[in-house]
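Below is one structure, written out as C-alpha cells, with a few remarks after it.
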Amino acid sequence: GEEVAQTPKHLVRGEGQKAKLYCAPIKGHSYVFWYQQVLKNEFKFLISFQNENVFDETGMPKERFSAKCLPNSPCSLEIQATKLEDSAVYFCASSQLSKEDEQFFGPGTRLTVL
Amino acid sequence: DQQVKQNSPSLSVQEGRISILNCDYTNSMFDYFLWYKKYPAEGPTFLISISSIKDKNEDGRFTVFLNKSAKHLSLHIVPSQPGDSAVYFCAASVTSYDKVIFGPGTSLSVIP
Chain A
1 GEEVAQTPKH
11 LVRGEGQKAK
21 LYCAPIKGHS
31 YVFWYQQVLK
41 NEFKFLISFQ
51 NENVFDETGM
61 PKERFSAKCL
71 PNSPCSLEIQ
81 ATKLEDSAVY
91 FCASSQLSKE
101 DEQFFGPGTR
111 LTVL
Chain B
115 DQQVKQNSPS
125 LSVQEGRISI
135 LNCDYTNSMF
145 DYFLWYKKYP
155 AEGPTFLISI
165 SSIKDKNEDG
175 RFTVFLNKSA
185 KHLSLHIVPS
195 QPGDSAVYFC
205 AASVTSYDKV
215 IFGPGTSLSV
225 IP
C-alpha cells in the first residue's frame with residue numbers, strides 16, 4: 001500500500017496481560033522502525049528491521065518486548081506481561097533502501113494498560 | 115542526555131508572517147536532519163530534510179537552514195497559514211536509514 005498501516009488503533013490491557021501490535025509497511029520499503037511515544041511528545045526508538053532481519057535493537061527493553069518482521073506478513077511488536085508504564089502510543093515507520101529517504105510513519109496504536 | 119533539543123515548547127505567529135522554529139543537537143555524528151509535523155491523534159508527517167553537506171534546503175513555503183559548526187538548524191515557514199498549526203519535531207540520524215532521534219517538539223499556533 002501507499003501508507004503505513006497500523007492495527008489496532010486502540011488497545012486496552014490489564015496489567016500483566018499480553019499486547020500485540022501490527023504494522024504493514026509501505027510496499028517496497030526495506031526498513032521498518034518502531035517508536036514509542038510516552039506522554040505527549042517524547043519519542044523513543046525501540047527497534048528496526050531490514051526486511052526480516054533485525055537491524056538495530058538498541059532501544060528494545062531486554063525483557064517482555066519482542067518484535068518480528070516475517071515475509072508476506074505484517075510486522076509485529078509484542079509486549080508480554082504489560083506494565084502501567086507501557087501505556088503509550090506506538091508508531092511504526094518504514095523507509096526505502098536509498099540515500100536521503102525519510103521515514104514514513106503510520107497513525108500509531110494507543111496502548112492503555114490498566 | 116537529550117541529543118536533539120528544541121528549547122521553545124510553543125510559538126505563536128500571526129497569519130502571513132514568518133515562523134522560525136529552532137533546533138540544536140549535540141551528536142556530531144548526525145549526518146541527516148529532518149523536520150516532521152504532527153497533528154493530534156496522527157503519526158508524524160515528513161516535511162523537509164537536509165543532509166550535512168548542505169546548509170540550506172527549500173521546498174515551497176518551507177526552508178531548513180543548517181549551521182553545522184554551531185550544531186544548529188532552523189525551519190522557516192513563510193508565509194505562515196492557520197493550517198500550519200501543529201507540533202513540529204526536529205529529528206536527526208547518522209544515516210538516512212538509521213533510527214531517528216527526535217527533539218521534544220515545538221507547538222506552533224498560527225493566529226488568523
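So the protein sequences, as listed, match chains A and B.
Mapping the first sequence onto our numbering, position 30 (from 1) lands on 30, and the numbers just tick up by one.
Add 114 to a position in the second sequence, counting from 1, and you land on the number used in our numbering.
Quick reminder that beta carbons are idealized off the backbone N, C-alpha and C, glycines included.
At a cut-off of 7 Å, the C-beta of residue 156 of chain B has a neighbouring C-beta in chain A.
Here the C-alpha atom of residue 48 of chain A lies approximately 6 Å from the C-alpha atom of residue 54 of chain A. Among the residues of the segment 14-33 of chain A, those with a Cβ less than 9 Å away from any Cβ of chain B are 30, 31, 33, in the order of the chain.
The residue from B:198, B:157, B:137, B:156 with its alpha-carbon nearest to that of residue 175 of chain B is B:198. In chain order, 212, 213 make up the part of chain B whose C-beta sits under 8 Å from the C-beta of residue 56 of chain A. Looking at the DSSP output, residue 68 of chain A bridges to A:76. A Cβ-Cβ contact shorter than 7 Å links residue 146 of chain B with residue 165 of chain B. No residue range can be given for residue 29 of chain A, since it is assigned to no beta strand (DSSP E) and is classified by DSSP as neither H nor E. Following the DSSP letters along the chain, one finds residue 22 of chain A inside the beta strand (DSSP E) bounded by residues 19-24.
Under the three-state reduction of DSSP, residue 3 of chain A is assigned to coil, being neither helix nor strand. For residue 109 of chain A, the enclosing beta strand (DSSP E) stretches over residues 109-113. Beyond the five residues adjoining it in sequence on each side, residue 85 of chain A comes within less than 6 Å, by CB distance, of no other residue in the same chain.
Distances from the CA of residue 112 of chain A to each of A:87, A:24, A:65, A:68 were compared; the closest alpha carbon is that of A:87. Here the segment 115-125 of chain B does not lie against the segment 51-69 of chain A, with fewer than 3 beta-carbon pairs under 8 Å apart.
Counting along the chain, the unbroken beta strand (DSSP E) around residue 88 of chain A starts and ends at 88-95. Under the DSSP assignment, residue 131 of chain B falls outside any beta strand (DSSP E); it carries neither an H nor an E label.
Residue state for residue 161 of chain B is assigned as strand, using DSSP reduced to three classes. For a Cβ distance threshold of 7 Å, residue set 211 of chain B lies close to residue 95 of chain A, ordered along the chain. When B:141, B:144, B:163, B:142 are compared, the shortest CA-CA separation from residue 151 of chain B is found for B:163.
With a cutoff of 7 Å on beta-carbon distance, residue 216 of chain B and residue 200 of chain B are scored as not near each other.
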